[in-house]
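Numbering (our numbering), first residue to last: 4 to 84.
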């Protein structure tokens, strides 16, 4: 027997949601950890390091900025050759 269209759509949406949650978890736990014991908590906060000794989430580059940087570097290397 074939599955109904509604069941297929439901499975697709659940898979997309699980994939989105997994990507968000990986993005959150991939952040860079910093160990600077000689700085005070306030100085670290000014630099952008949170209480969990990780760089603030808004300072980490997004996928779009990384891709733009990569494309710029690739285009620049083509001009030199």
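The beta-carbon is built from N, C-alpha and C at its ideal position, and this holds for glycine as well.
{"query": "With H, G and I counted as helix, E and B as strand and the rest as coil, what does DSSP make of residue 58?", "result": "strand"}
{"query": "According to the neighbour-count rule (16 or more other Cβ atoms, all chains shown, within 10 Å of its Cβ), is residue 52 buried or exposed?", "result": "buried"}
{"query": "How do the stretch 17-37 and the stretch 54-73 stand: do at least 3 beta-carbon pairs fall below 8 Å, yes or no?", "result": "yes"}
{"query": "Kindly indicate which three-state DSSP category residue 68 falls into: helix, strand or coil?", "result": "helix"}
{"query": "Could you compute how far the alpha carbon of residue 70 sits from the alpha carbon of residue 18?", "result": "26 Å"}
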